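Before any comments, here is the structure.
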Amino acid sequence: MQQSQPQPSWQTDTLLKRVLRNSGHLFSSTTISAALGVVQGILAARLLGDAGYGLVAGIVMVFATNVNRLLSFRMSEVTVKYVGEAFAQNNKPRAAALVKSIGLTEAATSILAYLVLLALTPWAAQTFAKDPATANLFRIYGLFLLANIVYETSSGVLQTFKRFDRLAAVNLIQSILTFILIAAAFLLHGTLVHVLLAYLAGKTLAGITIIWLAALELNRNLGPSWWQSRDQELKTDHWSLITGNSSSFIFHPSSFLPFALNTNLNGTVNLIVRDSPTLLLALFVTPAEVGIFKLALALINFITLPIEPFIWPTYAELTETIARSEWVATKRLLRRVSTISAAWTISAAVGLALFGGWLIPLVYGKDFAPAYPLTLILLIGFGFANILHWNRPLLLALGNPSFPLIASALVGAAQIALVFILVPSGGAIVMAWLMSAYFIFSISLIVYRGLTEIKHRANSPIP
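When you read off a place in the sequence shown, starting at 1, and then add 29, the result is the number in the working numbering.
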């Protein structure tokens, strides 16, 4: 039933205060990183020009990253769920065994991802870059897969032990190093390879540092010999997975692979329909046009980055209010985080709309002037997603993780079909409209389902 407690003010809303406080570390790091990213993007774009920038940032880096995402099992989510559960139960041997197993699984997929990248490099160079001579660029940047061999597991360990401050610090250090190296390349009139190596150095530093910090936390919380721990129950679970014991595979609570496969499937859908526009565009246009579109995405990213730290703290609070059937508090939190997001998004969008037309060619060079209309079109969809950033976390908290996947997949399939029909003749402008449409339609479906479920549960009698 609906609750009748008085509504707290913004100043006394403890629920909102917890979200803001828990977002603090990540928000500060993200904001500084975003500012550095804008400046380094300007330097890279001016140094390389539209074609070089499109090749590096829009094709080579995106392709290597997407190969990793395609084979990745999002082990940070798996680690938080299963290692966190074991640690909460004070079952340290089991927590240690899970960390080892998850880490080894990720290491294997990282090595596989690099081998797949090597195998696909000639095809990628010909298909997307339209120049077989660029193959070595893909191979060089792909080395970050090996430097980040257990990055996701290590990140999950730090999240499990609530060390968001260290995650934020690593993110900031990576951004600073990349910025310094790109600035040096700009001042010394470096080449495309120097810019690519700058991005690779930042990724490598982050991967090594995060693994080291995670090892320190494991030593502190599980003991210095955690890596020697053995858990017979965990071995039994893995054997049941290998031998195909379906009852154990589906129902056994300690089998983390089904969960990992589910997160991989969700990530794969996002990879295809949301994270690969520059590669899809590269099939039909020149690297120069890809570079212009990539710049538009980078400008949009500056608007979305400050909102990202709200997503998972909001999810944590939604989980608690929904578990306690506090529907008034749930809806109040959704309204208020949306209000905060809307205030930033609309302000930034107005500023970009008013001044972007002359700032973009002034700052990045006249060749990038066509990025302005693309940015305005992308603002529609990304702004919508920014304001309703809680759409998927809400359904996760309601215990319905499959609906966002289905909605995204169906709308995304329509988007991809239209890309191959319309983009060959319409180019980057059409791609921008299709991306915005994808966000609006898919998120509208997810939000409607979530709010309808809240209304239904709030009006249902308490059993």
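Beta carbons: idealized from backbone N, C-alpha and C, even for Gly.
It should be emphasised that the depicted structure is a prediction, and the values quoted were computed from it without experimental measurement.
Contact fails between the stretch 78-86 and the stretch 355-365, because fewer than three Cβ pairs, one in each stretch, are under 8 Å apart. In this structure, the beta-carbon distance from Leu408 to Leu381 falls below 9 Å. The C-alpha of Tyr228 is placed about 33 Å away from the C-alpha of Val366.
Taking the Cβ atoms as the reference, Val476 lies roughly 28 Å from Leu310, outside the contact range of under 8 Å.
In the three-state reduction of the DSSP assignment, Asn177 falls in the coil class. Scanning Leu251, Val392, Asn415 for the CA closest to the CA of Ala378 turns up Asn415.
Contact between Val89 and Leu166 holds: CB atoms are separated by about 5 Å, below the 8 Å threshold. Separation of Leu226 and Ser204 (C-alpha to C-alpha, rounded to the nearest whole angstrom) is 14 Å.
In the three-state DSSP reduction, Glu355 falls in the coil class, being neither helix nor strand. Leu175 and Ser130 do not touch by the CB rule: their CB atoms are close to 20 Å apart, not below 8 Å. Going by DSSP, Val89 is part of no alpha helix (DSSP H) at all; its letter is neither H nor E.
Here Lys121 carries a helix assignment [DSSP, helix/strand/coil].
Ala164 and Ala86 have their C-alpha atoms some 15 Å from each other.
Of all C-beta pairs linking the stretch 172-186 to the stretch 232-243, three or more are shorter than 8 Å, placing the two stretches in contact. Separation of Ile472 and Val298 (C-alpha to C-alpha, rounded to the nearest whole angstrom) is 14 Å. Nearest to Arg478 by alpha-carbon distance, out of Gln118, Pro422, Ala126, is Pro422.
Within the same chain, and ignoring the five residues on either side of Ala398 in sequence, the residues whose Cβ sits closer than 7 Å to its Cβ are Ile389, Pro390. Per DSSP, the continuous alpha helix (DSSP H) segment holding Phe432 begins and ends at 431-488.
Phe322 and Ala126 have their alpha carbons spaced roughly 45 Å apart. For Lys323, the uninterrupted alpha helix (DSSP H) run begins and ends at 316-333, by DSSP.
Residue state for Trp373 is assigned as helix, using DSSP reduced to three classes. Note that the C-beta distance between Ile340 and Trp373 is not below 9 Å. Taking 9 Å as the cut-off, the beta carbon of Val302 is found closer than this to the beta carbon of Ile445. The C-alpha of Leu405 lies about 44 Å from the C-alpha of Glu246. The three-state secondary structure of Asp160, taken from DSSP, is coil.
Contact between Thr59 and Pro338 holds, since their C-beta atoms are separated by about 6 Å, short of 8 Å. For Arg103, the number of other beta carbons within 10 angstroms of its own is at least 16, and it is reported as buried.
Assignment of His223 by DSSP, reduced to helix, strand and coil, places it in the helix class. DSSP, reduced to helix, strand and coil, places Phe384 within a helical segment of the structure shown.
Around the beta carbon of Arg364, fewer than 16 other beta carbons lie within 10 angstroms, which makes this residue exposed. Taking Phe215 as the centre and dropping the five residues before and after it, the same chain places the C-beta of Leu72, Leu76 closer than 6 Å to its C-beta, in chain order.
By the C-beta density criterion, Phe384 is exposed, having fewer than 16 other C-beta atoms within 10 angstroms. Using a 10 angstroms sphere on the CB of Gln188, the tally of other CB atoms reaches 16 or more, which defines it as buried.
When DSSP states are grouped into helix, strand and coil, Gly132 belongs to the helix group.
Excluding sequence positions up to five before and after Val440, its CB lies within less than 8 Å of the CB of Val302, Tyr467, Phe470, Ser471, Leu474, all in the same chain and listed in chain order.
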